[in-house]
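Now the structure itself:
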């Protein structure tokens, strides 16, 4: 089969989202940076795999059939509409004039971060962020459409999660990749 070409840009777009970078930076500034960073990366990857697997299961094997392509398209449009509604909500709730933005609770609690909390944060950033969900659903739809063989679908989803995690290890300013846990997401 091979991995569907659509998966690669979606994995990179998932990896380079600004909010996970900010969260990872905060996690890596805690007293237990290495275990917290590794836990964050595991939570992120497991959540990507879970969303991808659920999407493939809902769409069904061999989404290349016409009625299953329609299901993938409907799911992508629905996620897109939810993103638009959430964007409008955020826009309407933005601070106006000289008002300062409220610091989120998870950011205030960062210095008390444990590996379990970092694991949960990594997973939550995939599961509650509509942009990450949309990218993951799109990648899983491409995977479902490319093969009916479960082993190949699992391999493609694992590659998506690994690319999404590995690509975020690259330092954007230097362009180099590091293999340490301190730069993993």
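Numbering (our numbering), first residue to last: 2 to 186.
Every residue gets a Cβ at the ideal spot worked out from N, C-alpha and C, and that includes glycine.
The segment 87-106 / the segment 11-22 touching (three or more Cβ pairs under 8 Å): With a cut-off of 8 Å, the segment 11-22 and the segment 87-106 do not count as touching, because too few Cβ pairs lie within range.
For residue 131, the first and last residue of its enclosing alpha helix (DSSP H): 131-147 is the extent of the alpha helix (DSSP H) around residue 131.
Pick helix, strand or coil for residue 99, following the three-state DSSP scheme. The DSSP-derived three-state label of residue 99 is coil.
Hey, how far is the Cα of residue 164 from the Cα of residue 95? C-alpha separation (whole angstroms): 33 Å.
Out of 135, 29, 104, which one is the CA nearest neighbour of residue 8? Out of 135, 29, 104, 135 has the C-alpha closest to the C-alpha of residue 8.
How many whole angstroms separate the CB atoms of residue 117 and residue 41, which I take to be in contact at a CB cut-off of 8 Å? With a Cβ gap of about 11 Å, residue 117 and residue 41 do not count as contacting.
Helix, strand or coil for residue 115? Go by DSSP, reduced to three states. Of the three classes helix, strand and coil, the one that applies to residue 115 here is coil, per DSSP.
Helix or strand or just coil, what does DSSP make of residue 153? For residue 153, the secondary structure class from DSSP, reduced to helix, strand or coil, is helix.
Roughly how many whole angstroms lie between the Cα atoms of residue 93 and residue 86? Those two C-alpha atoms are separated by around 11 Å.
The alpha helix (DSSP H) that contains residue 104, what's its start and end? Neither: residue 104 is in no alpha helix (DSSP H) and is coded neither H nor E.
Give the DSSP-derived three-state secondary structure of residue 31 in the structure shown. In the structure shown, residue 31 sits in coil (DSSP, three-state: anything other than H, G, I, E or B).
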